[in-house]
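A.B. asks: Line by line, the protein sequences are chains A and B. With the numbering used here applied, the first sequence covers 108 to 222. With the numbering used here applied, the second sequence covers 891 to 999. Just so you know, even glycine gets a beta-carbon here, dropped at the ideal spot from N, CA and C. My structure is below; once you've seen it, I'll send some questions.
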Amino acid sequence: ETGVTQSPTHLIKTRGQQVTLRCSSQSGHNTVSWYQQALGQGPQFIFQYYREEENGRGNFPPRFSGLQFPNYSSELNVNALELDDSALYLCASSLAEDRGTGELFFGEGSRLTVL
Amino acid sequence: GQSLEQPSEVTAVEGAIVQINCTYQTSGFYGLSWYQQHDGGAPTFLSYNGLDGLEETGRFSSFLSRSDSYGYLLLQELQMKDSASYFCAVSTNTDKLIFGTGTRLQVFP
């Protein structure tokens, strides 16, 4: 177990709705990344936050947004949900000082279904 | 563009050795990581190669050849619990990980 916790674990929304997913980082970690994992695929990088600032973004539209709080917990918000947003959303924490080790600590994810 | 290729599925029997290959094409390459993910679980870190050569961690070893843009994960003395999906992932200079599509390993008794 990594110490990264995510909530909710499962949720169902309808097209056009908005969703907020939450992540609590492993103690001492100051960097959080969010990934989207479609069924049968590898995780796709959405964005990363370091010290409450966005620090890199993948190929996702602006309706995907995030926040990092002073305690390093984080939120992922998705507006105007589309059917293709159905996926497992993974949060991963790390320590910026360990950058370059390739090691991220993932939570078990929030599985979003959009109907 | 950036891409990683790995076999979609590999099968083996308990006690055997299996090698999962990964070829990549990316800019800003820093290193290659390997992650294991059981169904319904979180990806968990297995190993990282920043330099060419072999890294060994217990029953698992990982290899990298930067000149060939190629790496592999070697799993020895396979156990039933090793049945999972395995992902190679490239670390870039932007500190994000780019994951492959995963290799599903099935271990049979």
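(1) Here's a check: name, in chain order, each residue in its chain whose Cβ is nearer than 7 angstroms to the Cβ of A/Pro115, leaving out the five neighbours to either side.
(2) Compare the Cα-Cα distances from B/Pro933 to each of B/Thr982, B/Thr913 and B/Phe977 and report the closest residue.
(3) So the candidates are B/Phe989, B/Asp929, B/Asn911 and B/Tyr914; which of them puts its Cα closest to the Cα of A/Pro150?
(4) Using a cut-off of 7 angstroms between C-beta atoms, extract the partners of A/Phe167 located in chain B.
(5) Starting from B/Gly943, trace the beta strand (DSSP E) both ways and give me its first and last residue.
(6) For B/Asn983, which residues of its own chain have a beta-carbon under 7 angstroms away from its beta-carbon, when the five flanking residues on both sides are left out?
(7) With distances taken between CB atoms, is the gap from A/Gln133 to A/Ser200 smaller than 7 angstroms?
(8) Looking at the structure shown, is A/Lys120 part of a helix, part of a strand, or coil, going by DSSP?
(9) Indicate whether at least one CB of chain A lies closer than 7 angstroms to the CB of B/Thr982.
(10) Between A/Val221, A/Ser172, A/Asp191 and A/Thr208, which lies nearest to A/Tyr156 when the distance is taken from Cα to Cα?
(11) Using the DSSP secondary-structure output, state which residues sit across from A/Ser181 in a beta bridge.
(12) Ordered along the chain, which non-local residues of its own chain (more than five positions away) have a Cβ less than 7 angstroms from that of A/Gln124?
(13) In angstroms with no decimal places, state the Cα-to-Cα distance between B/Tyr938 and A/Thr208.
(14) Select from the region 958-974 of chain B all residues with a C-beta closer than 9 angstroms to any C-beta belonging to chain A, and list them in chain order.
C.D. replies: Let me lay it out:
(1) Here residue 115 of chain A corresponds to residue number 8 of the first sequence, with the count starting at 1. So the qualifying residues of the chain are Ser217.
(2) Taking the first residue of the second sequence as 1, we reach residue 933 of chain B at position 43. With distances taken between Cα atoms, B/Pro933 lies closest to B/Phe977.
(3) Along the first sequence, read from residue 1 onward, the residue named residue 150 of chain A stands at position 43. It is B/Phe989.
(4) Position 60 of the first sequence holds residue 167 of chain A. Neighbours of A/Phe167 on chain B: none; closest Cβ ~12 angstroms, over 7 angstroms.
(5) Here residue 943 of chain B is taken as the residue at index 53 of the second sequence, counted from 1. Looking at the DSSP string, the run of the beta strand (DSSP E) that includes B/Gly943 is Gly943 to Thr947.
(6) Position 93 of the second sequence holds residue 983 of chain B. Only Gly918 and Tyr920 meet the Cβ criterion.
(7) Counting from 1 along the first sequence, the entry for residue 133 of chain A is found at position 26. Counting from 1 along the first sequence, the entry for residue 200 of chain A is found at position 93. Cβ atoms of A/Gln133 and A/Ser200: closer than 7 angstroms.
(8) Numbered from 1 along the first sequence, position 13 holds the residue referred to as residue 120 of chain A. In this structure, A/Lys120 counts as strand in the three-state DSSP scheme.
(9) As a first step, residue 982 of chain B must be located in the second sequence, where it is residue number 92. So no, B/Thr982 is outside the interface.
(10) Locating residue 156 of chain A in the first sequence gives position 49, counting from the first residue. When each option's Cα is compared against that of A/Tyr156, the closest is A/Ser172.
(11) For the purposes of this step, residue 181 of chain A is identified with residue 74 of the first sequence, where counting begins at 1. Bridge partners of A/Ser181: A/Cys130 and A/Gln175.
(12) Taking the first residue of the first sequence as position 1, residue 124 of chain A is located at position 17. Same-chain partners within the cutoff: Leu188.
(13) As a position in the second sequence, residue 938 of chain B is number 48, starting the count at 1. As a position in the first sequence, residue 208 of chain A is number 101, starting the count at 1. Those two C-alpha atoms are separated by around 7 angstroms.
(14) none
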